[in-house]
Amino acid sequence: MLENLQPAQKVTAPPNFRPGVEFDGFEGVATTEGLPEQPNFDDFLRDRGYNPAEYEIVGNPRTSQWQIYSGDWLTSYRFNFRKRTNLGTDLPTLLAEARKKVKVKPLPKPEPKALVVLWSDLQVGKVDYRGNSQSLVERVGLMQQRLVALIKKEKPEKIIFCDTGDTVENFGNAADLAQLQSNDLSIMEQVDAATTFAWSTLRAMYELVPDITYASVGSNHCQWRVNKQVVGRPSDDWGIFIGRQLARLAKEANLNIRFIEPQPHDESLALDVFNDGFHILGVVHGHQAKRPDAMATWWRGQAFGRQPVADASVLVHGHWHHLRVTEMGSTPRGTSRFLIMASTLDNGSGWWRKVTGEDSVPGLVTFLLEKGIDFSGTVYKL
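In the numbering used here, the protein residues as written are 5 to 386.
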């Protein structure tokens with residue numbers, strides 16, 4: 005009667021099963037031992053020296069199950085966690101920092117040239133395949149070091165710092181509720197962190213080159229939006245707002261930095277770099293066109309309406325997250341105009357990579373404009 009009864013096979017834990025915690029200082033993975041029921045993950049971390057007030061669980065845990073000799077089942081839980089990010093630095097703190105006197109040590113024998121810095125698409129607060137806000141902190145720090153090294157090498161007499169937009173990730177730009185889940189900073193923290201990044205960069209540059217112009221323009225991620233719909237004027241923009249806070253900080257610190265922004269109903273601006281009509285630099289974000297190739301057409305069209313960038317000899321923009329330099333048209337003196345698209349500094353665009361298969365490597369794009377010498381299209385990606 006029992007001839008078909010077979011003994012239960014021995015079931016053991018997976019061969020690669022290793023309980024423990026791996027942590028790199030910012031993010032970690034925890035694997036529990038086999039347990040009869042789901043544990044409290046905060047308590048699990050606390051027992052191993054990770055205070056839940058400083059660390060948070062990310063995503064949903066993965067499980068592995070096996071049966072023991074008694075017939076009971078055990079489950080191991082594997083979950084990700086990270087150090088809680090609090091990058092928000094409120095304005096009073098920044099004002100206190102501004103009051104610290106900047107030690108200006110101008111470069112010896114500066115050259116008659118301007119370094120243009122394209123501060124583009126940080127999208128502060130965004131979490132994607134390249135990391136979170138802590139990853140952005142490290143990336144910005146690296147770019148600051150490379151930028152200072154370039155300034156010391158080239159010895160420009162002035163710097164044009166262009167915030168080409170999408171400085172913060174914001175909420176309500178993408179699909180409903182998507183940014184509520186993907187961001188790791190509130191909008192207040194995003195703005196404070198973005199202000200801090202720009203301010204620390206300005207201070208580092210000013211110590212070497214005390215002649216800086218800061219230009220900011222409106223962008224799609226920084227726009228004032230309600231339910232994804234744009235409201236207000238083009239100047240109702242977080243990026244422009246950040247520029248105004250930086251202007252207050254610079255005044256508090258007695259730094260001679262010039263701050264410019266578009267007219268209230270414009271989304272672009274232009275400036276005469278050496279005040280001699282030779283190099284006219286235009287700045288716009290780039291969301292005005294549906295694809296990168298169309299930015300050239302957009303620029304040509306600006307001439308018909310005598311828009312701010314109509315006479316620009318070099319137009320810079322961001323939005324499209326990768327570097328591109330296009331030679332086009334001609335200036336009144338018969339030389340080439342150039343369209344420069346900036347690289348991104350953000351944590352990646354997973355949706356774009358999945359849809360197109362393309363990826364863009366982060367970097368800070370810079371180039372030099374020499375007084376009285378035509379620009380030849382050379383750029384530096386730091």
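Cβ atoms here follow ideal geometry from the backbone N, Cα and C, with glycine treated the same way.
Fair warning: this is a prediction, and the values are worked out from it, not measured in the lab.
Range covered by the alpha helix (DSSP H) that runs through D196
Start at 1 with the first residue of the sequence shown, and residue 196 comes out as number 192. Note, D196: alpha helix (DSSP H), 191 to 210.
Selected residue, minimal CA-CA separation from S364, among K358, E374, S353
Position 360 of the sequence shown, counting from 1, holds the residue named residue 364. S364 has its Cα closest to that of S353, out of K358, E374, S353.
Contact between the segment 120 to 136 and the segment 296 to 307 is defined here as three or more beta-carbon pairs at a separation below 8 Å; is this criterion met?
no
Let's test the definition: count the other Cβ atoms within 10 Å of the Cβ of F342 and tell me whether it reaches 16, buried, or not, exposed.
Residue 342 sits at position 338 when you count from the first residue of the sequence shown. So F342 counts as buried.
Hey, would you say F165 sits closer than 8 Å to Y218, going by beta carbons?
Here residue 165 corresponds to residue number 161 of the sequence shown, with the count starting at 1. Here residue 218 corresponds to residue number 214 of the sequence shown, with the count starting at 1. It is a contact, given that the beta carbons lie within the stated cut-off.
Considering only residues of the segment 110 to 146, which uninterrupted beta strand (DSSP E) runs meet the minimum length of 3 residues and lie entirely inside it, listed in chain order?
115 to 124
Starting from the Cα of A346, find the closest Cα among I191, W324, G53 and give me that residue.
As a working note, residue 346 is residue 342 in the sequence shown. Measuring C-alpha to C-alpha distances from A346 to each of I191, W324, G53 identifies W324 as the nearest.
Can you check the segment 270 to 333 for any beta strand (DSSP E) of at least 3 residues that lies completely inside it and give the ranges in chain order?
Complete beta strand (DSSP E) runs here, min 3: 272 to 276, 284 to 288, 318 to 321, 328 to 332.
Can you tell me which of the three DSSP states A57 falls into?
Translated into positions along the sequence shown, residue 57 becomes position 53. Correct three-state label for A57: coil.
Write down the C-beta distance between V235 and W228 rounded to the nearest angstrom, noting that I regard them as a contact closer than 8 Å.
The sequence position of residue 235 within the sequence shown is 231, counting from 1. The sequence position of residue 228 within the sequence shown is 224, counting from 1. So it is a contact: roughly 6 Å between Cβ atoms.
Tell me, to the nearest whole angstrom, how far the beta carbon of E265 is from that of G286; I am working on the premise that it is less than 8 Å.
On the sequence shown, position 261 is the one that residue 265 refers to. On the sequence shown, position 282 is the one that residue 286 refers to. The beta carbons of E265 and G286 sit about 14 Å from each other, so the pair does not count as a contact at 8 Å.
Run of the alpha helix (DSSP H) containing A251, from where it starts to where it stops
Sequence index remark: in the sequence shown, residue 251 carries index 247 (1-based). Per DSSP, the unbroken alpha helix (DSSP H) holding A251 starts and ends at 242 to 256.
Per DSSP, what are the beta-bridge partners of R86 in this structure?
Here the question's residue 86 lines up with position 82 in the sequence shown. Partner(s): E31, E60.
Count the other CB atoms within 10 Å of the CB of Y81; is the residue buried (16 or more) or exposed (fewer)?
In the sequence shown, counting from the first residue as 1, residue 81 sits at position 77. Classification for Y81: buried.
Is there contact here, the segment 104 to 114 with the segment 56 to 65, by at least three beta-carbon pairs under 8 Å?
no
Inspect the CB distances between the segment 194 to 214 and the segment 117 to 135 and report whether three or more fall short of 8 Å.
yes
Where does F371 sit, in a helix, a strand or coil, going by DSSP?
Position 367 of the sequence shown, counted from the first residue, corresponds to residue 371. In this structure, F371 counts as strand in the three-state DSSP scheme.
Look at the Cβ atom of S272, then the Cβ atom of V318, and state whether they are nearer than 8 Å.
Indexing the sequence shown from 1 puts residue 272 at position 268. Indexing the sequence shown from 1 puts residue 318 at position 314. Cβ distance not < 8 Å, so S272 and V318 don't count as in contact.
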